[in-house]
Amino acid sequence: MDTVQPFLPDDEFRRASDQIPLLIWASKADGARYFFSKAWLAFTGRTLEQELKKGWTQDIHPDDVDRTIDNHDAALSSGKEFKRTYRLKRHDGEYHWIAEKCKPRYQPDGTFTGYIGYGLDVDDLLEDPELQNDILGAAVRQQKGFDEELAATNEELTTANEELVATNEELEQTQESLAELNRELENIVILRTKALRESEQKAQTLNEKLATVNEELATTNEELSSTNEELSSTNEELVASNEELAESREEIIKSERLFKSIALNIPKSLIVVVAKDYSILAMEGDLRTQMGFSAGNNVGKHASEVVPPDRYAATKALYDRVLAGEEFTISRKGPDNVEYRVQFVPLRNEDNEVYAGLVIALDITDIRQAEEKAAKLAAIVMSSDDAIISKTLQGIVTSWNASAERIFGYTEKEMIGEPILKIIPEDRLDEEPLILDRLGRGERVDHFETKRMTKDGKLLDISLTISPVRDGEGNIIGASKIARDISEQKRDEQRKNDFIGMVSHELKTPLTSLTAIVQLLQIKLKSHDDAFVSNSMKNAGRQVKKMADLINGFLNISRLESGKMPMVKREFVLNDLIKENIEETRLMGPDHDIRFNCDDHMIVYADRDKIGSVVLNLLNNAVKYSAKASMIDVSCKIINNRVQITVKDQGIGIEPNDLEKLFDRYYRVESVETQHISGFGIGLYLSSEIIKQHGGNIWAESEPGKGSAFHFALPLKA
36 MDTVQPFLPD DEFRRASDQI PLLIWASKAD GARYFFSKAW LAFTGRTLEQ
86 ELKKGWTQDI HPDDVDRTID NHDAALSSGK EFKRTYRLKR HDGEYHWIAE
136 KCKPRYQPDG TFTGYIGYGL DVDDLLEDPE LQNDILGAAV RQQKGFDEEL
186 AATNEELTTA NEELVATNEE LEQTQESLAE LNRELENIVI LRTKALRESE
236 QKAQTLNEKL ATVNEELATT NEELSSTNEE LSSTNEELVA SNEELAESRE
286 EIIKSERLFK SIALNIPKSL IVVVAKDYSI LAMEGDLRTQ MGFSAGNNVG
336 KHASEVVPPD RYAATKALYD RVLAGEEFTI SRKGPDNVEY RVQFVPLRNE
386 DNEVYAGLVI ALDITDIRQA EEKAAKLAAI VMSSDDAIIS KTLQGIVTSW
436 NASAERIFGY TEKEMIGEPI LKIIPEDRLD EEPLILDRLG RGERVDHFET
486 KRMTKDGKLL DISLTISPVR DGEGNIIGAS KIARDISEQK RDEQRKNDFI
536 GMVSHELKTP LTSLTAIVQL LQIKLKSHDD AFVSNSMKNA GRQVKKMADL
586 INGFLNISRL ESGKMPMVKR EFVLNDLIKE NIEETRLMGP DHDIRFNCDD
636 HMIVYADRDK IGSVVLNLLN NAVKYSAKAS MIDVSCKIIN NRVQITVKDQ
686 GIGIEPNDLE KLFDRYYRVE SVETQHISGF GIGLYLSSEI IKQHGGNIWA
736 ESEPGKGSAF HFALPLKA
C-alpha cells in the first residue's frame, strides 16, 4: 500500500480554503509554511509569494512574538496539537487578536509531516479586556472534538488506500479476463479456419466462394486485431482513469473531512452547502434543529425536504441570490430572542462559475449581550465624574476616560501607551512599585489618599481605588484605577479644622478661668453644712473637666493634622502609667470593678502623656458603654517583641458594620443605647493617630450584647 503523503494544497483544497472565512495556513515538518488561504492574504494585504518570502512571525505584535514562537517551537518538537491567541498586524497596520488552533498531520507509519492552522479574527468581539479573555477562552474550549475528527480522517485515509490497492487488484484481474477473451477469440478463428479447410476439401466446387469467405475472414481478423489494439488502449485508459478516480476520491474524502472538522469546531454554528438544483451537498453544526432543519442525514435531499414549507419559501430567494453569485450577510432573530448572523458565499470552480452556495449561520446572542454590556460599561466610564484609567502591570496606560482628561489635563492620545509615572510627583514615585506589587498578588487598594500632578504641574489631592484585571484564565494582566479629586474636600476639612481649632482655643481661656473658680469654691465649701451645695460643686468640677477634655481633643486634632503636635519620646515603665490611669478612672467611675493584670517593668520608648491619653480614653469608653458594677479587665502582655495592651468590658457591644469605622474621625455609633451618651467621635480617632505615629497598631473586637475589647500594640524598648 502506498504511504499517505504530507498534506499539499491542491486546486480542490485551495478552492475550499479560499471560500471559507477563516485564516488557514499549512506548514511542513520543519515548521516552514508553504500555503496561506485568501482570507489570510486579505487580512495581511500581501500576495502568497510575499507572505512566503516575508515570514509569518514578522507581523506578530512585539509583546506576543516571543510567547507565540516559543509556543510554536514547543509544539513542533512534540508534534502535538496546540492552541494560541496572539495579535497580528492587519493590512491597515492595526493589530487584531487571532484565536488559532493547529493540528498535526501524520503518515500511516507515524511520521510527522507538518501542521494545518485555523485562525479566527476575534478582535471585534473582545474590545473589553475582561470580556476578551472570557469569550476567547470559551471559543477555544469548544474545539475539543478536533483531535478525534483528525484521527478519524487518518484512519479513513488508510482505509481508502487499502481500497485503492484492492481496486488495482480487480483491474489486474479484469486485464487477465480480457486476455483470456482474446485467446478464446483466436481459438474461434482457428476453429473456423479449420472448418473452412475441411469444407474446401469436401466441396471443391465452392473454392471461389470460400476464397471470398477467406478474404472476408482476413478482413475480419484485421478488424479483430485492430479491435484488440483499441481494447488494450482502452484498458490502459481505464487503468489511468481508475487511478485518477482513486486520487479524486481520496481528495474528496480529505475535503469532506476538512469541511466537517472546520464546521464542528465553530461553536454555535450551522454550515450548509446548497447545489444549483437546491439539493444539500453538506450540512454540519450544532444549530441544525435550533434553526428548524430536520434531524438525521440531509445530504442529497432537496432543500424543501429539510425545512418546513413556510421556511423554504422564505429562504429560497436567499438561495437564488447566492447561487446567482452574490455574497451577502443577513441578521435574524429566533425564538427566545436568539440572534443569528447568516453569511451567504457563492462557491466557484476554476472557470469562475458558481457551482454551489455556502451558508454559514452563527448564534451571536452572547456576542450581542457582551456588546451591550461593553457599551453600557463604556458609557459609565465615559460619563463618570471620576478618572477611570487602565494600565498594564508595567504601569503603561491602556485606557483614559474623559474625566481623566478633565482632571489631569492630558488627552487620551497623550496618555495611551505612556507610563502612569507621568502624573506622579517625584517625591511619590516610590508609591507605584508598591501598588503594582500588591496588585500582582491579587490585592485591591481601596481609597488610598495621595497626590498627583496635572499637565500644568498643579498638585491635586486624590483618592485612589485600584483593582487587578484578570484574563479568562484568572491571570492578572493589568489594573483598573479610579481616581477621585478630593482637593476641595481636603480644603473644606482644613477650613473646618482651622475653625474648630480657633473656637477651641478661644473657649480654652474662659474655661481655664471657670475651672479655677470652681476649684476655689470647692475648697471654700469643703466645710459647708449644706451637702447639696458641696455635691453640686463636685458635679460642676466633673463637668468642667469633661469640657476641658473635649476642647483639648479638638485642639489635638487640629495640631495633629497641621503637624504641630510633636511626640516627646522617652523611656518609661508602661505598668506604672496604666495604674495611674486606672486610679483616675476609678475616681470618675467608682461604680465599676477594674482589674489589672500585667507583667512587671515593661519599658517602652514613647510619648508618655500621649500613650496615657490613649489608655485613659479606652478606660473612659469602657465605663460609659457598660453597666454599673460590671467588670473591666485591663491587661498587657508581650507578643512577637511587641507589648499589647487590652481594655475589655462587659458593655453593650458594637455591630460589625460599625466596628470597621470606629477609628474614623468624628464617627459615632448611632443606636438606642448610645443616643443619651455624649461624645463627638474624636477620642478613638486621636488614639489611632497617636499609636500609628509610634509605629504601632490599634484595633477592636466586639459582639453586640456581650461587650468589647480594644487592643493596641507598641514596640518594646530596643
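Each residue of the sequence shown is one higher than the one before, starting from 36 at the first, in this note's numbering. Glycine is no exception: its CB is placed at the ideal position from the N, C-alpha and C atoms.
For V307, I'd like the list of residues in its chain whose CB is within less than 6 Å of its CB, leaving aside the five on either flank, ordered along the chain. M318, V394, listed in sequence order.
So which of I223, I638, S72, P344 has the shortest CA-CA distance to R605? Selected option, being the one with the closest Cα: I638.
Do V432 and I1 come within 7 Å of each other at the CB atom, strictly closer than that value? As shown, the chain starts at 36 and ends at 753. That puts residue 1 outside it, with no answer to give.
On the DSSP letters alone, give me the boundaries of the alpha helix (DSSP H) that D626 sits inside. D626 -> no alpha helix (DSSP H), and no H or E assigned at all.
If distances are taken between C-alpha atoms only, which option among L252, E724, S743 comes closest to I689? The shortest Cα separation from I689 among L252, E724, S743 belongs to S743.
Apply the 10 Å Cβ neighbour rule to G513 and answer buried if 16 or more other Cβ atoms are within range, or exposed otherwise. Residue environment: G513 is assigned as buried (16 or more neighbouring CB atoms within 10 Å of its CB, all protein chains considered).
Quick check: the Cα distance between R501 and D345, rounded to an integer number of angstroms? For the sequence presented, residue 501 should be read as Ile rather than Arg. Straight across, the Cα-Cα distance linking I501 with D345 is about 56 Å.
Would K490 and G444 be called neighbours here (beta carbons separated by less than 7 Å)? Yes, these two residues count as a Cβ contact at 7 Å.
Rounded to the nearest angstrom, what separates R323 and R383 at their Cα positions? Cα to Cα, R323 sits roughly 25 Å from R383.
Coil, strand or helix - T146 by DSSP: DSSP places T146 in coil when its eight states are reduced to three.
Reduced DSSP category for E243 - H, G, I as helix; E, B as strand; rest coil: The three-state secondary structure of E243, taken from DSSP, is helix.
In terms of residue numbering, what span does the alpha helix (DSSP H) encompassing W75 cover? Segment 73–79, the alpha helix (DSSP H) holding W75.
Closest to R630 by CA distance: which of V649, I674, A657, K457 is it? Nearest to R630 by C-alpha distance, out of V649, I674, A657, K457, is A657.
Which one of I399, D462, A359, R376 has the shortest CA to CA distance from N387? Closest option to N387, Cα to Cα, is A359.
Straight-line gap, H131 to A74 (C-alpha atoms, nearest Å): Their Cα atoms are separated by approximately 14 Å.
Using a Cβ-Cβ cutoff of less than 8 Å, which residues in the same chain neighbour V175 once the five nearest sequence positions on both sides are dropped? Confidence at V175 is low in this model, with a pLDDT of 46, below 50, so its placement is unreliable and the value that follows should be read with caution. Answer for V175: K118, T120, A134, K136, listed in chain order.
Put I613 into one of helix, strand or coil per three-state DSSP. It is helical.
N-terminal and C-terminal residue of the alpha helix (DSSP H) that E643 is part of: With the sequence shown as reference, residue 643 is identified as Arg, and Glu is not the correct amino acid for it. From DSSP, the alpha helix (DSSP H) with R643 extends over 643–659.
Taking the alpha carbon of G128 as the point to measure from, which residue in I95, S268, S112 has its own alpha carbon closest? The candidate whose alpha carbon is nearest that of G128 is I95.
Closer than 8 Å is the cut-off here; do at least three beta carbon pairs connect the region 333–347 with the region 362–375? The region 333–347 vs the region 362–375: no contact.
Quick check: what's the CA-CA separation for L474 versus P139? C-alpha separation (whole angstroms): 39 Å.
Is the beta carbon of M602 less than 7 Å from the beta carbon of D628? The answer is no: Cβ separation not under 7 Å.
Within a Cβ cutoff of 8 Å, which residues of the same chain sit near R751, ignoring the five residues on either side of it in sequence? Looking at the sequence provided, one finds Leu at residue 751 rather than Arg. Excluding positions up to five away in sequence, the list reads M637, I638, V639, I673, N676, R677, V678.
Give me the residue from E618, N632, H107, L464 with the minimum Cα distance to G647. When each option's Cα is compared against that of G647, the closest is E618.
What is the rounded straight-line gap between the Cα of D65 and the Cα of E440? Their backbone Cα atoms lie some 51 Å apart in a straight line.
Buried versus exposed, by CB contacts within 10 Å (16 or more), I365: That one is exposed.
Spatial distance of N754 from D496 (CA atoms): In this structure the chain extends from 36 to 753, so residue 754 is not present and cannot be described.
If we ignore side chains and look at the alpha-carbon of each, how far apart do R232 and N277 end up? Their Cα atoms are separated by approximately 45 Å.
Distance between K115 and L185 (C-alpha atoms, nearest Å): Confidence in L185 is poor, its pLDDT being 42 and thus under 50, which makes the residue's placement too unreliable to answer from.
Under DSSP, the beta strand (DSSP E) around G392 begins and ends at which residues? 389–398 is the extent of the beta strand (DSSP E) around G392.
Given this structure, state the Cα-to-Cα distance separating L428 from W91, to the nearest angstrom. So the alpha carbons of these two residues sit roughly 28 Å apart.
Determine the burial state of A67: buried for a count of at least 16 other Cβ atoms within 10 Å of its Cβ, exposed for fewer. Counting every other CB atom within 10 Å of its CB across the protein chains shown gives A67 a total below 16, marking it as exposed.
S366 bridges to which residues according to DSSP? Answer by DSSP bridge pairing, in chain order: R376.
Can you tell me which residues form a DSSP beta bridge with W435? Per DSSP, the beta bridge partners of W435 are I424.
Compare the beta carbon distance of Y150 and S72 with 7 Å and say whether it is the shorter of the two. 7 Å or more divides the Cβ of Y150 from the Cβ of S72.
Report, in whole angstroms, the separation of the C-beta atoms of K516 and I424, which I expect to be a contact under 8 Å. Yes, K516 and I424 are in contact; Cβ-Cβ is about 5 Å, under 8 Å.
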